[in-house]
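Sequential numbering from -16 applies to the sequence shown in my numbering. Report on one structure; see the data block that follows.
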Amino acid sequence: MKTYQYFVANAWHDPDEENYFKSENPATGKAWARLPDCNAEDVNRAVAAAKSAFYEGPWGKLHPAERGRVLRRIGDTISRHADRLGEVELRDNGRVPNAADSLKPGAWQVDSFHYYAGMCDKFEGRLIPAEVPDMHNYLTYEPFGVVAQILPWNSPLGTLIWKLAPCLAAGNTVVIKPSEQASCSVLELMDILLEAELPPGVLNVVTGFGAATGEPLIDHPDVRLVSFTGGTAGGRAAAAV
């Protein structure tokens, strides 16, 4: 049985309390992997890494054109490992075998990163005429900072890519919390994306259940934006935090 760790600052970590939960292959009903059951301390570590990468690390200071090159590398790296990701998602949540096709060159998921790579240097401000002589007003767009992304069980990779490409293009850093029912492919993706050479802390993943992992993440004072995709009950719980 494979044992995963959670991912923070380009490194793998065991959970604070050393608790794990199991992923069952829906085709066989048998457990095939163990995942960290992260608590608030683990969430704090992930958010701190994302905050540091944004405010102190190179990501927040990176030129938009260079950020675009990073996104293009992400798309290319995913396409090279499409079959590996598809196989893990098949075991983890029962996706059909051809699910990997959407991760290959020319497919929409890879193209999402290529598209937003070209958008990185297109975020433009606006000059607004002022009534006072020798003065002007201007509008400029800035990233939020640390963004929490909550994923569903039925399409973890597809949903993550929809969220991740524009979020990174805008200059944010991310803490991802996949569904406890389908977390393995997201962790495999982090392992693959080490090849893309993102600065530490730009991408982080904590795994676990809603009360112990999701709530501390959503309620964290350093998280500036929450992107939630999931069921009605989970959405209501997230909105109530």
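Even glycine gets a Cβ: it sits at the ideal position worked out from N, Cα and C.
Which of helix, strand or coil DSSP assigns to residue i
{"i": "His119", "result": "coil"}
{"i": "Val209", "result": "strand"}
{"i": "Leu177", "result": "helix"}
{"i": "Leu147", "result": "helix"}
{"i": "Lys(-15)", "result": "strand"}
{"i": "Gln132", "result": "strand"}
{"i": "Pro88", "result": "Residue placement at Pro88 is poorly supported in this model, since its pLDDT is 49, which falls under 50; the coordinates are not used for a value here."}
{"i": "Tyr225", "result": "Residue 225 is absent from the structure shown; the chain starts at -16 and stops at 224."}
{"i": "Phe(-10)", "result": "strand"}
{"i": "Ala16", "result": "strand"}
{"i": "Arg52", "result": "helix"}
{"i": "Phe192", "result": "coil"}
{"i": "Phe4", "result": "strand"}
{"i": "Leu172", "result": "helix"}
{"i": "Asp94", "result": "helix"}
Whole-angstrom distance between residue j and residue i, CA atom to CA atom
{"i": "Val209", "j": "Pro161", "result": "13 Å"}
{"i": "Arg78", "j": "Ile61", "result": "18 Å"}
{"i": "Thr156", "j": "Val53", "result": "13 Å"}
{"i": "Ile175", "j": "Arg56", "result": "11 Å"}
{"i": "Glu39", "j": "Pro9", "result": "43 Å"}
{"i": "Glu0", "j": "Glu24", "result": "9 Å"}
{"i": "Leu170", "j": "Asn27", "result": "18 Å"}
{"i": "Trp(-5)", "j": "Leu73", "result": "23 Å"}
{"i": "Val189", "j": "His46", "result": "28 Å"}
{"i": "Cys150", "j": "Gly217", "result": "22 Å"}
Start-to-end residues for the beta strand (DSSP E) that takes in residue i
{"i": "Trp(-5)", "result": "-6 to -4"}
{"i": "Thr156", "result": "156 to 160"}
{"i": "Ala10", "result": "First-last for Ala10: undefined, no H or E at that position."}
{"i": "Val188", "result": "186 to 188"}
{"i": "Leu110", "result": "109 to 111"}
Buried or exposed (CB count within 10 angstroms, at least 16 for buried), residue i
{"i": "Asn2", "result": "exposed"}
{"i": "Asp66", "result": "exposed"}
{"i": "Tyr121", "result": "exposed"}
{"i": "Lys146", "result": "buried"}
{"i": "Lys34", "result": "buried"}
{"i": "Trp42", "result": "buried"}
{"i": "Gly51", "result": "buried"}
{"i": "Met173", "result": "buried"}
{"i": "Tyr99", "result": "buried"}
Element boundaries [alpha helix (DSSP H), containing residue i]
{"i": "Val71", "result": "65 to 76"}
{"i": "Ser35", "result": "23 to 38"}
{"i": "Pro199", "result": "198 to 201"}
{"i": "Ala223", "result": "215 to 223"}
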